[in-house]
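**Student:** Before I ask anything, let me first share the structure, which is written out below as structure tokens.
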Amino acid sequence: ATDTIPLFKSRWGARFSARASGSLACSVLGGSGMASNDITIYDRLRESHERQRSFFRKLLRTSSGPQREVLFRELRIELAAHAAAEERFLYAVILMQDAGLKSSRHALSEHHDIDEIIEDMHKLDVAGDAWMGKARELSHKVHHHLREEEKKFFQVSGKLLSQTAKVRLGREYAKDYQRLVEKPLLS
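Right, here's the structure in full:
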């Protein structure tokens, strides 16, 4: 429909799009053969990471106006839901283990830095050059965080969790993430 902006198709067959009304839409198209009870927290996080990358591609190409505002709101919802659920169901678990302390602290610090940039963006006119400069800064910071998390943190934490724990945490993350997307904690 013309009131939606396509964002991302997951490897499990779900399509995500932003609606002009400001809500995130998800439609399941059919599976990829991977049973949902085999999906680990890392699979779910990578899917969210791809949605974030897609949001940034679209946001940075969008001219000022209602579409930019819709995309920014949806990006904020995605980032907030992802971060909160990830902090609760991965970082907190890994933080409790000596081998994961340093990497968890670093990841939490990057989440805080991202929150600060978003707060700065709220003070700016979404149509202005300063806002777009902050959007580029946010994109750079988030992409750095995603790369580092996928290349380093997932390897460290993956060694500390059993396969059963990875799948269980994935289910818990997905439930909390969905709740936070449906009822965003935005200021």
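Our numbering puts the sequence shown at residues 1038 to 1224.
Glycine included, every Cβ here is placed at the ideal spot set by N, Cα and C.
From the DSSP output, in three-state form, read off glycine 1165 for me.
**Tutor:** Within the sequence shown, residue 1165 is the residue found at index 128, counting from 1. Reduced to three states, the DSSP call for glycine 1165 is coil.
**Student:** Where do the ends of the alpha helix (DSSP H) carrying glycine 1207 lie?
**Tutor:** What you label residue 1207 is simply residue 170 of the sequence shown in a count that begins at 1. Boundaries of the alpha helix (DSSP H) harbouring glycine 1207: 1200-1219, taken from the DSSP string.
**Student:** Quick check: what's the CA-CA separation for leucine 1066 versus histidine 1086?
**Tutor:** Reading the sequence shown from its first residue, position 29 is the one you call residue 1066. Reading the sequence shown from its first residue, position 49 is the one you call residue 1086. Residue placement at leucine 1066 is poorly supported in this model, since its pLDDT is 32, which falls under 50; the coordinates still yield a value, given next. Taking the straight line from one Cα to the other gives about 20 Å.
**Student:** By DSSP, does glutamine 1192 sit in helix, in strand, or in coil?
**Tutor:** On the sequence shown, residue 1192 is found 155 positions in, with the first residue counted as 1. Here glutamine 1192 sits in helix by DSSP.
**Student:** So, is leucine 1206 buried or exposed, given that buried needs 16 or more other C-beta atoms within 10 angstroms?
**Tutor:** For the purposes of this step, residue 1206 is taken as residue 169 along the sequence shown, with counting starting at 1. Buried, since its Cβ has 16 or more Cβ neighbours within 10 Å.
**Student:** Here's the rule: buried if 16 or more other CB atoms are within 10 angstroms of the residue's CB, otherwise exposed. What is arginine 1081?
**Tutor:** For the purposes of this step, residue 1081 is taken as residue 44 along the sequence shown, with counting starting at 1. Counting C-beta atoms within 10 angstroms of its own C-beta, arginine 1081 has 16 or more neighbours from the protein chains shown and is therefore classed as buried.
**Student:** Three or more beta-carbon pairs under 8 Å between the segment 1097-1113 and the segment 1127-1139, yes or no?
**Tutor:** The segment 1097-1113, when compared against the segment 1127-1139, does not touch it at the 8 Å Cβ threshold.
**Student:** Under three-state DSSP, which class holds glutamine 1134?
**Tutor:** Taking the first residue of the sequence shown as position 1, residue 1134 is located at position 97. The answer is coil: DSSP assigns glutamine 1134 none of H, G, I, E or B.
**Student:** Phenylalanine 1109 lies in the alpha helix (DSSP H); which residues open and close that run?
**Tutor:** What you label residue 1109 is simply residue 72 of the sequence shown in a count that begins at 1. Note, phenylalanine 1109: alpha helix (DSSP H), 1103-1123.
**Student:** Where does isoleucine 1076 sit, in a helix, a strand or coil, going by DSSP?
**Tutor:** Translated into the one-based positions of the sequence shown, residue 1076 becomes position 39. Residue state, collapsed to three classes: coil.
**Student:** Can you tell me whether DSSP reads serine 1100 as helix, strand or coil?
**Tutor:** For this step, residue 1100 is matched to residue 63 along the sequence shown. Coil at serine 1100, not helix or strand.
**Student:** Classify glutamate 1219 as buried or exposed, calling it buried when 16 or more other Cβ atoms lie within 10 Å of its own Cβ.
**Tutor:** By one-based count along the sequence shown, residue 1219 stands at place 182. Exposed: under 16 other Cβ atoms inside 10 Å.
**Student:** Sort Tyr1079, Lys1095, Thr1099 and His1149 by Cα distance to glycine 1165 and report the nearest one.
**Tutor:** Residue mapping note: residue 1165 aligns to position 128 of the sequence shown, counting from 1. Of the listed residues, the one whose Cα sits closest to glycine 1165 is Thr1099.
**Student:** So, at 8 Å on beta carbons, what are the nonlocal neighbours of threonine 1077 in its own chain, with the 5 sequence-adjacent residues on each side left out?
**Tutor:** Counting from one through the sequence shown, the residue named residue 1077 turns up at place 40. Hits under 8 Å: Gln1200, Lys1203, Val1204, Leu1206 and Gly1207.
**Student:** Give me the Cα-Cα distance between histidine 1119 and tyrosine 1214, rounded to the nearest whole angstrom.
**Tutor:** By one-based count along the sequence shown, residue 1119 stands at place 82. By one-based count along the sequence shown, residue 1214 stands at place 177. Going from the Cα of histidine 1119 to the Cα of tyrosine 1214 covers about 6 Å.
**Student:** Counting only the same chain and skipping the five closest in sequence on each side, list residues whose C-beta sits under 8 Å from that of arginine 1142.
**Tutor:** Your numbering for residue 1142 matches position 105 in the sequence shown. Once the five neighbours on either side are set aside, the close Cβ partners of arginine 1142 are Leu1132.
**Student:** Does lysine 1160 come out as helix, strand or coil in the three-state DSSP assignment?
**Tutor:** Within the sequence shown, numbered from 1, the residue matching residue 1160 stands at position 123. Coil, per DSSP.
**Student:** For leucine 1222, which of helix, strand or coil comes out of DSSP?
**Tutor:** On the sequence shown, position 185 is the one that residue 1222 refers to. Three-state result, leucine 1222: coil.
**Student:** Find out if the Cβ-Cβ distance for the pair leucine 1183, isoleucine 1154 is shorter than 9 Å.
**Tutor:** Stepping through the sequence shown from its first residue, residue 1183 is reached at position 146. Stepping through the sequence shown from its first residue, residue 1154 is reached at position 117. No.
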